[in-house]
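As structure tokens, the structure follows; a few thoughts come after it.
There are 2 protein chains.
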Amino acid sequence: MSSTPKYAGALPKYIQLSELIIREIDAGRLMDGERLPPEREMARAYGTSIGTLRKALADLDTKGLLRRVQGSGNYIRKAQSPAGLYAMFRLELLDGGGLPTADVLSLDVVEKPQDLPGFGQSAYATRIRRTRFLNAVAIALEEIWLDAGVGTLNLNMLSESLYQTYLKRLHFWITRAEDRVSIGQFPPWTPEAIAPRGAPCGYIERFSWTEAEAPVEFSRTWFDPARAVYVQRLK
Amino acid sequence: MSSTPKYAGALPKYIQLSELIIREIDAGRLMDGERLPPEREMARAYGTSIGTLRKALADLDTKGLLRRVQGSGNYIRKAQSPAGLYAMFRLELLDGGGLPTADVLSLDVVEKPQDLPGFGQSAYATRIRRTRFLNAVAIALEEIWLDAGVGTLNLNMLSESLYQTYLKRLHFWITRAEDRVSIGQFPPWTPEAIAPRGAPCGYIERFSWTEAEAPVEFSRTWFDPARAVYVQRLK
DNA sequence: AGGAATTTGTGCGTATGTATC
DNA sequence: AGATACATACGCACAAATTCC
């Protein structure tokens, strides 16, 4: 009876659908809190059945990108509150949340030091040091190493979100990241106004990948445990 | 056309089914690794449709109690696979990975101390203290507070995975959790063999929820930064 | 080696219950 | 109370993986 092929050797339709909607959320075409059209309407628009569409929505639900309310509708739920730009910035004030901003302390293109873990192909890297704020309270220092193989930046290229800068200026996108959280000490270049040199602190190492094999970025963050915590929400 | 009532004011049929099967696993009527009858057969036996039965099986799958193999069958999985363990256990050795195990130091049902954050409804809680290992290396201490409102445990109820214990013994499932990572000091009850009292360490607070509003579990983990890191992989 | 049988996965359509507005 | 929207339930047809002969 139905003539539509189930597979063209591709991924299941409901997975494709779910990923399509994820991209629309990422691209900002769907806003936080926005209500999606009714399921029957969406199913018609995407040329699929309600059951399949519902399976895709269920997938987004488990991924935490959607809130489904019976009798009301489906609502976009962006993981983090302040703009999707900061979706990957997981430091929060002790009592939750906080609007993130950053001040650039320095930007230099330098040879990679020996004591850095391996990332990228080049012997050089862009090193950015920033002070990070939540609600205008300084809560962390950050040192970002971007492999020169993907290009170099200068000061007036920087915008609010580094990932956004990478996309606009260097035309790549971070698709994967790994954080390693432990304890450490504020680095020697810490401004005295932030913390005494060598004061104990939380310490985050992050590797970031594009589609390629090796990570293209490595960063270290030192955060003040009296002001901020590293938060992870599961499921 | 069909005349069977959808609801008798009770839980959805697929939930009832899934819980029925959980009880059969619990009672030992279904053995580890055992293959279930074909879905069509089960559906007929339980007097339900295939779709509904499949939803119940999918539920058991996400709970880690079932392995579903296309073309082969559905298999009981009593012991969690290492992958499942890792999913909820985010501490790793410095050079990655490690097989997690735990030794119980104590288990008591006590009145909740004042200095604990709020969780659950009861004034009492089960307190479990454990030493955690990765590849037989002690890397952390853990103190778990389980609200007495969901039931209490005793020592011989415990298995490797606490979440599995909750499911099998107390019949609830953790659906959401939040970790807050910072720095701290090993607690007074730390065995000297693990770390000197008050030594600096990584510190994790975790709240865990069922479907209900308030979290039912609160735990603290103190980990040795010389041996382990807290890892988060994004996307 | 290969083909048939078995079993789960995907997709479609419909009817009805229940929550929200 | 009525309309709208999501949730549950049923049944069927075909695809894909596995198993068995």
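Respectively, the protein sequence lines represent chains A and B.
So the first sequence is numbered by this note's numbering: it starts at -13 and just counts up by one.
So the second sequence is numbered by this note's numbering: it starts at -13 and just counts up by one.
Every residue, glycine too, gets a C-beta built ideally from N, C-alpha and C.
Item	Value
Own chain partners of B:C187 with C-beta closer than 8 Å, once the 5 adjacent residues on each side are dropped	I169, G170, Q171, F172, A181, W208, F209, D210, P211
Contact with chain B by A:Y61, beta-carbon distance below 8 Å	no
Closest residue to B:L91 among B:S205, B:P177, B:A163 (Cα-Cα distance)	B:P177
A:R183 classed as buried or exposed, judged by whether at least 16 other C-beta atoms fall within 10 angstroms	exposed
Under 8 Å from the C-beta of B:I169: neighbouring residues of chain A	I169, P186, C187, G188, P211
Cβ pair B:A214, B:A126 closer than 8 Å	yes
Cβ contact check for the segment 51 to 58 of chain A and the segment 91 to 100 of chain A: 3 or more pairs under 8 Å	no
is_contact[A:R166, chain B] using C-beta, thresh 8 Å	yes
Partner residues on chain B for A:V215, Cβ-Cβ distance less than 7 Å	R166, V167, S168
Touch test, the segment 126 to 145 of chain B against the segment 96 to 110 of chain B, Cβ-Cβ under 8 Å, three pairs minimum	yes
Host beta strand (DSSP E) of B:S92 (start-end)	86 to 97
Neighbourhood of B:I130 by C-beta, 6 Å cutoff - its chain only, sequence neighbours within 5 removed	I114, S205
First through last residue of the beta strand (DSSP E) which encompasses B:T48	It is not in any beta strand (DSSP E) - B:T48 instead sits in the alpha helix (DSSP H) that spans 36 to 48.
Per-residue burial, B:I7 [other beta carbons within 10 Å of its own, 16 or more giving buried]	buried
Close Cβ partners of B:Y72 (< 7 Å) along its chain, the five nearest in sequence each way excluded	Caution applies to B:Y72, whose pLDDT of 48 falls short of 50 and renders its modelled position unreliable; the value that the coordinates give is listed next. Within the same chain, B:Y72 has no close Cβ partners at all.
Contact with chain B by A:Q218, beta-carbon distance below 8 Å	yes
Own chain partners of A:N60 with C-beta closer than 8 Å, once the 5 adjacent residues on each side are dropped	R21, L22, E25, L43, L52, R53, R54
Coarse secondary structure for B:D12, derived from DSSP in three states	helix
Residue range of the alpha helix (DSSP H) that includes B:Y32	25 to 32
Backbone CA spacing between B:G82 and A:L102 [nearest angstrom]	17 Å
Whether A:F76 touches A:V217 by CB criterion (8 Å)	Reading the sequence as shown, one finds Arg at residue 76 of chain A and not Phe. Going by C-beta atoms, A:R76 is nearer than 8 Å to A:V217.
Straight-line Cα distance separating B:D18 from B:Y237	Since the first residue of chain B shown is -13 and the last is 221, residue 237 of chain B is not available in this structure.
Pairwise C-alpha distance: A:T48 and A:Y0	14 Å
Same chain, Cβ closer than 7 Å to B:L(-3), five either side skipped, listed in chain order	none
Element boundaries [beta strand (DSSP E), containing A:T138]	It is not in any beta strand (DSSP E) - A:T138 carries neither H nor E in the DSSP assignment.
Boundaries (first-last residue) of the alpha helix (DSSP H) holding B:T151	148 to 151
For A:T151 and B:S145, the rounded distance between their alpha carbons	49 Å
Neighbourhood of B:I190 by C-beta distance below 6 Å, restricted to the same chain and skipping five residues each side	D165, V167, T207
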